[in-house]
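Residues 22 to 312 in our numbering are what the sequence shown lists, from first letter to last.
For every residue, glycine included, the Cβ atom is placed at its ideal position computed from N, Cα and C.
Values in this document were obtained by computation on a predicted structure and should not be read as measured data.
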Amino acid sequence: MKPAAFDYHAPVDLDEAVGLLGELGEDAKVIAGGQSLVPMLALRLAAVDHLVDLRRVGELRGIEVRDGALWIGAGMTQAAVERSAEVAEAVPLLARATRLIGHFQIRNRGTIGGSIAHADAAAEYPAVALALDAEFEACSPRGRRTLPAREFFTGWWSTALDPDEVLTGISFPRRAGRSGFAIEELARRHGDFAIAGAAVALELDDGERVRRCGIGLFGLGSSVQRAAAAEEALAGAVAADVRPDEIGRTAMTGLDSIPSDLHGPPEYRKRVGAAMVARAWTKALQEARNG
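See the structure below:
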């Protein structure tokens, strides 16, 4: 199939891009790498009157330290994130998650901002952003604002971005202290979206108590989400006393919108999700202890 007809716009800078969105309103849709939107348009699962292509907007590219955090431009390709030694050192969870995204052809075109703004419930980047308490920068004709990851993802393929806003960059806390990171997922085939997965970001104090643990879940609801019950149970706990299988089961507490599809019913996804949390916790703990 072919997409329905639309008008194509290719702004050369951010001011022009947000100006177009302000003028065109909800009739416009931005495109970055196009690895999610183009198939949806081709299958006519989505339709737009105006397509605003951000590939020429240089302000959306770059990787640099800003205010102590690692800022990554929303227009950076996933392949560039994967190759970056700075990302691997400062935000290892993001680097490890990137390898799980699709295939290298997709990562060569897909962007970090596009994946996050698309907000697929089974995608890795949104879960990583949640686990790390990342912050998102957005720009509109009204100016710029920052949104915390906890408030960004609002439901099925939806975010807190307004129709005339562009996601410009993401700020990730840099690795510090005795920290460990891991991401685990189960997919039918390499490159498929995960049936269920978990991203864990852990920090221990000198007494091997849990100073912080963020757990992002994906494939287990209408949106990515934090495993709030498990995080609460882990706060201040002695790491040696934590049973991985118990934390995995606790992480499934309160999940009330687990999908049922050809991959399995909600009960199956919960079992898979619990196992992924347990595995990711175990690996993150080992790294934190060795680090």
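Nearest neighbour of residue i, chosen from the options [CA to CA]
| i | options | result |
| --- | --- | --- |
| T167 | V149, F193 and G176 | F193 |
| I133 | V112, G94, G164 and Q126 | G94 |
| W302 | G43, R65, S244 and C234 | C234 |
| L81 | R199, G190, G240 and A249 | G190 |
| V78 | V59, A100, P60 and G54 | G54 |
| D48 | M61, L72 and Q56 | L72 |
| L153 | S105, I236 and H139 | I236 |
| K304 | A222, A170 and P169 | A222 |
| A111 | R87, V33 and L41 | R87 |
| A106 | E85, G96 and N129 | E85 |
| G312 | L151, D226, A101 and P147 | D226 |
| S244 | F27, D277, R128 and A109 | D277 |
| E252 | T271, F239, D262 and V259 | T271 |
| A261 | G228, A148, A250 and G275 | G228 |
| M297 | H284, I268 and R171 | I268 |
| P147 | A100, G40, R165 and F174 | F174 |
| L283 | K23, R165 and R209 | R209 |
| I122 | M273, V231, V263 and H211 | H211 |
| F76 | L114, R199, E156 and R130 | Position check: residue 76 holds Arg in this sequence, whereas Phe was assumed. Ranking L114, R199, E156 and R130 by Cα distance to R76 puts R130 first. |
| G135 | L58, A197 and L306 | L58 |
| L238 | R171, G43 and E44 | R171 |
| A249 | L151, G164 and G285 | L151 |
Residue span of the alpha helix (DSSP H) that contains residue i, given as start and end
| i | result |
| --- | --- |
| P147 | E145 to L153 |
| A101 | Q99 to R104 |
| H139 | I133 to H139 |
| R117 | P113 to T119 |
| I127 | F125 to R130 |
Residue i Cβ short of 7 Å to the ligand GTP heavy atom set
| i | result |
| --- | --- |
| S200 | Inclusion of the ligand GTP in the displayed structure is not the case, the ligand content being empty and no account of it being possible. |
Cβ distance (whole Å) where residue i is taken to contact residue j below 8 Å
| i | j | result |
| --- | --- | --- |
| D141 | P162 | The pair is not a contact, with the Cβ atoms about 28 Å apart (cut-off 8 Å). |
| H30 | D70 | Actually they are not in contact, since the Cβ atoms of H30 and D70 sit about 11 Å apart, beyond 8 Å. |
| G201 | A309 | 3 Å |
| V187 | A90 | No, V187 and A90 are not in contact; Cβ-Cβ is about 20 Å, not under 8 Å. |
| S138 | L182 | The sequence shown places Ala at residue 138, rather than the Ser named in the question. Indeed they touch by this definition, with Cβ atoms about 7 Å apart. |
| R65 | A25 | 6 Å |
| G294 | L241 | 5 Å |
| C160 | L35 | 6 Å |
| A258 | R300 | Actually they do not touch by this definition, with Cβ atoms about 18 Å apart. |
| T98 | R120 | Rounded, the Cβ-Cβ distance is 14 Å, inconsistent with contact. |
The beta strand (DSSP E) enclosing residue i, as first and last residue numbers
| i | result |
| --- | --- |
| A90 | A90 to G94 |
| H30 | D28 to H30 |
Query raised in the report: Does the region 200-219 come within contact of the region 272-289, defined as at least 3 CB pairs closer than 8 Å?
Result: Taking 8 Å as the limit for Cβ pairs, the verdict is that the region 272-289 does touch the region 200-219.
Query raised in the report: Which ranges would you report for the beta strand (DSSP E) in the region 35-86 if only whole runs of at least 3 residues count?
Result: Entirely contained in the region 35-86, the beta strand (DSSP E) runs reaching 3 residues are, in chain order, 49-52 and 71-74.
**Report entry** Unbroken stretches of the beta strand (DSSP E), 3 residues or longer, contained in the region 153-198
**Finding:** Within the region 153-198, the runs of beta strand (DSSP E) that reach at least 3 residues and sit entirely inside it are, in chain order, 156-161, 164-169, 174-176 and 187-194.
Query raised in the report: Where are the beta strand (DSSP E) runs, 3 residues long or more, that stay fully inside the region 226-308, in chain order?
Result: You should have 231-239.
**Report entry** the region 172-179 touching the region 195-207, judged by at least three CB pairs closer than 8 Å
**Finding:** No, because fewer than three Cβ pairs between the region 172-179 and the region 195-207 fall closer than 8 Å, the two stretches do not touch.
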